[in-house]
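Just so you know, we're using the numbering used here here: the sequence shown kicks off at 1300 and counts up by one.
Written out below as C-alpha cells is the structure these notes cover.
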Amino acid sequence: MARSFDDTTRRNIASLCAAFTRVPSVDTEPELKSAAVAIALTEAEAGGGTTFLLTRRAATLRSHAAQWALPGGRCDHGETQAQAALRELHEELGVGLTEDDVLGLLDDYPTRSGYLITPVVVWVSASADFVPNPAEVASVHRVALDDIERNDAFSFTTIPESTRRVIRFRHAGQHIHAPTAALIYQFAEVLAGRSTRVAELEQPVFAWR
C-alpha cells in the first residue's frame, strides 16, 4: 500500500531512522574521500504517494557519466555529511532545504572509486520545484517507496573479480548497481524496521573507476 505524502509518513520515517543505529565510522581507510548523498523524499507527480528522487548523471561528467545516482557529491572542507547532501541537492536540482528537513543518516558505504558515502534521508516539501542543473543532471525521476519494498526489487549476483555479492535494483527495465543500489537497499530495510548492513555488498567493475 502506498505511503501517503503527509506528516504522519514523515514522522513514521523519522522514527524508523532514529531507531536505526549507524555503524560507527572508523578511519581505517583515510585515503577515502568523504561524500554524501540525499535520499530525498517527496510527493509522487500524480499526488498522494511518497517517492524518492533518483537522477541520471550528465553524459559530459568526467566520472560515472550517464549513470543512475542519488543527488550528492564530495563533502567540502568543514562540512558535515548532512550539510554536504543539502548543498548538493540544491546545486543539482535547485531544491533548498535546511537541517530541520533531515530525518536521519544511514551507514557509510566505501566505494571502489575512493569515496566513503553517507546517505542522508531528507523530506522535501510537496511544493518544491525541481530545476535540474544540466551540467550535472540529465534527468530526475521519482521512485515510489512501494517499488523498493517489493520482494523482487533487489537481486544479487557474482563477478569473477570479487568474492562479494553484487547487489542490483531493478528500475524502469534496467539494473541499477551499487553504490546506489546498496544505499537504496539499506533504506528499504530501514523502512521495514531492519538494521541490515550493506558495506560488504559489491559494485560491478565499471563502477570501480
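Where is the CB? At the ideal position from N, CA and C, for every residue including glycine.
Beta strand (DSSP E) runs contained entirely in the segment 1455-1495, provided each spans 3 or more residues: The segment 1455-1495 contains these whole beta strand (DSSP E) runs: 1461-1470 and 1473-1476.
Buried versus exposed, by CB contacts within 10 Å (16 or more), A1425: Counting every other CB atom within 10 Å of its CB across the protein chains shown gives A1425 a total below 16, marking it as exposed.
Same chain only: Cβ atoms within 6 Å of E1391, ignoring 5 sequence neighbours per side: For E1391, same chain residues with a beta-carbon under 6 Å away, outside a window of 5 residues either side, are P1370, N1432, E1435 and V1436 in chain order.
Whole-angstrom C-beta distance between D1445 and H1470, which should lie under 8 Å: Actually they do not touch by this definition, with Cβ atoms about 12 Å apart.
6 Å Cβ shell around I1475 - same chain, five flanking residues per side excluded: These residues qualify, in order along the chain: W1367 and F1468.
Cβ-Cβ distance between A1498 and V1322 below 9 Å: Yes; because the gap between Cβ atoms is below 9 Å, this pair is in contact.
Where the alpha helix (DSSP H) through S1314 begins and ends: Looking at the DSSP string, the run of the alpha helix (DSSP H) that includes S1314 is D1306 to A1318.
Test item: CB-CB of L1404 and V1394 under 9 Å: No; because the gap between Cβ atoms is not below 9 Å, this pair is not in contact.
Collapsed DSSP secondary structure at V1510 in the structure displayed: This structure cannot settle anything about residue 1510, because the visible part of the chain is limited to 1300 through 1508.
Inter-residue CB distance, L1315 and V1465 (contact presumed, cutoff 8 Å): That pair is no contact at about 27 Å.
Limits of the beta strand (DSSP E) - the one that R1355 falls within: Where R1355 is concerned, the enclosing beta strand (DSSP E) stretches over T1349 to R1356.
Assumed close pair E1501, A1477 - CB separation to whole angstroms, cut-off 8 Å: The pair is a contact, with the Cβ atoms about 7 Å apart (cut-off 8 Å).
Coarse secondary structure for R1386, derived from DSSP in three states: R1386: helix per DSSP, three-state reduction.
Close beta carbons around A1383, own chain, < 6 Å, minus the five adjacent residues each side: Sequence-distant partners of A1383 (beyond 5 residues in either direction) whose C-beta falls short of 6 Å from its own C-beta, in its chain, are A1335 and C1374.
Buried versus exposed, by CB contacts within 10 Å (16 or more), G1472: G1472 counts as exposed, since fewer than 16 other beta carbons sit within 10 angstroms of its beta carbon.
Close beta carbons around A1516, own chain, < 6 Å, minus the five adjacent residues each side: Beyond the ends of the chain as shown, which are 1300 and 1508, falls residue 1516; an answer cannot be given.
Inter-residue Cα distance where the pair is R1496 and F1429: Rounded to the nearest angstrom, the two C-alpha atoms are 31 Å apart.
Candidates E1378, D1305, R1356 and N1311, of which the one nearest E1398 by Cα: The shortest Cα separation from E1398 among E1378, D1305, R1356 and N1311 belongs to E1378.
Backbone secondary structure at L1405 - three-state DSSP: Of the three classes helix, strand and coil, the one that applies to L1405 here is coil, per DSSP.
Three-state secondary structure (DSSP) of A1301: Correct three-state label for A1301: coil.
6 Å Cβ shell around H1440 - same chain, five flanking residues per side excluded: Around H1440: L1353.
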